[in-house]
Amino acid sequence: MIRIEHVTRKYGPIAAVSDVSLNIERGEIVGLLGHNGAGKTTLMKMLTGYLEPTAGKITVAGIDVVTDRNDVQRQIGYMPENAPLYPEMLVQEYLLMMAELRGVAAERRQKAVGIAAGRTGLGHHMLRPIGQLSKGYRQRVGLAQAIVHEPSLLVLDEPTNGLDPMQIESIRELVRKLGEESTIILSTHILQEVEAVCDRVVVLIDGELSADAPLQELLASNVLRLVVADGDDVKAGLGGVEGIAAVQRTEDGPPGTASWAITCAPGTTPTPAVLAAAQRHGWTVQAVAPEQRTLESVFRKLQRDHIARGKEVAA
Ligand code: ATP
Numbered sequence: 013m014i015r016i017e018h019v020t021r022k023y024g025p026i027a028a029v030s031d032v033s034l035n036i037e038r039g040e041i042v043g044l045l046g047h048n049g050a051g052k053t054t055l056m057k058m059l060t061g062y063l064e065p066t067a068g069k070i071t072v073a074g075i076d077v078v079t080d081r082n083d084v085q086r087q088i089g090y091m092p093e094n095a096p097l098y099p100e101m102l103v104q105e106y107l108l109m110m111a112e113l114r115g116v117a118a119e120r121r122q123k124a125v126g127i128a129a130g131r132t133g134l135g136h137h138m139l140r141p142i143g144q145l146s147k148g149y150r151q152r153v154g155l156a157q158a159i160v161h162e163p164s165l166l167v168l169d170e171p172t173n174g175l176d177p178m179q180i181e182s183i184r185e186l187v188r189k190l191g192e193e194s195t196i197i198l199s200t201h202i203l204q205e206v207e208a209v210c211d212r213v214v215v216l217i218d219g220e221l222s223a224d225a226p227l228q229e230l231l232a233s234n235v236l237r238l239v240v241a242d243g244d245d246v247k248a249g250l251g252g253v254e255g256i257a258a259v260q261r262t263e264d265g266p267p268g269t270a271s272w273a274i275t276c277a278p279g280t281t282p283t284p285a286v287l288a289a290a291q292r293h294g295w296t297v298q299a300v301a302p303e304q305r306t307l308e309s310v311f312r313k314l315q316r317d318h319i320a321r322g323k324e325v326a327a
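Position one of the sequence shown corresponds to residue 13 (the numbering used here), numbered consecutively onward.
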């Protein structure tokens, strides 16, 4: 549905987004993850036609975002990080205005606003001035304006920014629900947000695409942890066993035991071979399990790798 090809955006000499390529398919909920200043907002603005790339090309459903901006914007619901809401306007007035701006036909507007308000839980607040709403409800208004024309693609920039935990949970629930019918790209610097809502993760670091994978794949580890009695020679015993790329003693476990990290070759599950070797060599196996990865540890590693690559280039 979305094709991003070698897109770069510079502000003066600084590249906020650098040679990013991505494809996003219909129905995906993609989390765009990155620290402050990583380039998330810049990428989203280009995707929605509010900012032109310095280089590269973006199409949505085959339509070029730069040359056919209006056509693309009809298909997109965009909730900017600080959606321009008019505090003195009533919620209903504002949503009717946004429906008109988004091209909803006059005779359909009232109904479209009613549906958007219903989906975002704004039903009882339609006649209140926006300025009197809590921040959580203002975010809902931001979401309602983004979906009022029933777009097939929703682009949400930090949708839970500044909300309290209860409000965060209800907005996430709402996003999950919206994801049943629309493709969603959601930017955040909150790792739990991605874990809670997204099925695919795109990580930007300093404007560069650092990772792009299904969440489960990103969290999957290719390291097995094996705890045996101290003195069992695991390194020698696993030499030549198929599917094992590396064996390293990591730390001492409980007294009398030793913990080993066994790195598996891509696409292999050598647990049975490890257990067979343990039996052959008479090791006292206390535990064997795949290493648990968290999004936080993955993110930290991506950052370390990014910094190391930068140093290599500079050297
Ligand atoms: P945040 O999470 O803080 O919103 P972000 O990942 O969305 O950050 P961007 O807002 O896209 O990051 O900014 C990326 C880089 O581009 C930053 O270094 C920022 O200072 C710079 N930048 C953004 N907008 C402009 C602008 N209009 N002029 C100059 N530099 C800009």
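Built from N, CA and C at the ideal position, the CB exists for glycine as well.
Bridge-paired residues (DSSP) for residue i
{"i": "threonine 275", "result": "Val235, Ala258"}
{"i": "serine 309", "result": "DSSP output for serine 309 lists no bridge partner at all."}
{"i": "asparagine 35", "result": "Arg15"}
{"i": "glutamate 193", "result": "Looking at the DSSP assignment, glutamate 193 forms no beta bridge with any residue, so it has no partner."}
{"i": "arginine 212", "result": "Val42, Pro226"}
{"i": "serine 199", "result": "Leu44, Asp169"}
{"i": "aspartate 76", "result": "Thr71"}
{"i": "proline 302", "result": "Leu236"}
Sub-8 Å separation of residue i and residue j beta-carbons
{"i": "isoleucine 88", "j": "valine 167", "result": "yes"}
{"i": "valine 214", "j": "leucine 221", "result": "yes"}
{"i": "isoleucine 196", "j": "valine 187", "result": "yes"}
{"i": "leucine 97", "j": "isoleucine 159", "result": "no"}
{"i": "leucine 227", "j": "valine 300", "result": "no"}
{"i": "glutamate 119", "j": "lysine 69", "result": "no"}
{"i": "isoleucine 26", "j": "glycine 191", "result": "no"}
{"i": "histidine 161", "j": "alanine 111", "result": "yes"}
{"i": "arginine 305", "j": "serine 199", "result": "no"}
{"i": "aspartate 169", "j": "methionine 58", "result": "no"}
{"i": "leucine 44", "j": "leucine 307", "result": "no"}
Own chain residues within Cβ distance below 8 Å of residue i, not counting five before or after
{"i": "leucine 175", "result": "Lys147, Gly148, Gln151, Ile183"}
{"i": "aspartate 245", "result": "His293"}
{"i": "arginine 140", "result": "Leu102, Val103"}
Length of the line joining the Cα atoms of residue i and residue j
{"i": "histidine 201", "j": "lysine 22", "result": "22 Å"}
{"i": "proline 278", "j": "glutamate 193", "result": "35 Å"}
{"i": "glutamine 104", "j": "valine 125", "result": "7 Å"}
{"i": "aspartate 83", "j": "asparagine 35", "result": "19 Å"}
{"i": "glutamine 315", "j": "alanine 50", "result": "11 Å"}
{"i": "valine 239", "j": "glycine 265", "result": "7 Å"}
{"i": "serine 271", "j": "proline 282", "result": "17 Å"}
{"i": "lysine 313", "j": "glycine 255", "result": "24 Å"}
{"i": "glutamate 205", "j": "glutamine 291", "result": "43 Å"}
{"i": "cysteine 276", "j": "glutamate 229", "result": "15 Å"}
{"i": "glutamate 93", "j": "glutamate 100", "result": "20 Å"}
{"i": "alanine 248", "j": "alanine 257", "result": "13 Å"}
{"i": "glycine 74", "j": "isoleucine 180", "result": "34 Å"}
Spatial neighbours of residue i in its chain, beta-carbon cut-off 7 Å, leaving aside the 5 residues before and after
{"i": "alanine 129", "result": "Leu107, Gly135, Met138, Ala156"}
{"i": "threonine 20", "result": "Ala27, Val29, Ser30, Asp31, Pro65, Thr66, Ala67, Gly68"}
{"i": "threonine 296", "result": "Val240, Ala241, Asp244"}
{"i": "histidine 47", "result": "His201"}
Test: residue i CB closer than 8 Å to a CB of chain B
{"i": "alanine 326", "result": "The chain labelled as chain B is not found in the depicted structure, where only one protein chain is given."}
beta-carbon residue i near ligand 2 non-hydrogen atom, thresh 7 Å
{"i": "histidine 318", "result": "This structure lacks ligand 2; its bound ligands are ligand 1."}
Proximal residues to residue i (C-beta, below 6 Å), its chain only, five neighbours per side dropped
{"i": "arginine 15", "result": "Asn35, Thr71"}
{"i": "glutamine 260", "result": "Ala273"}
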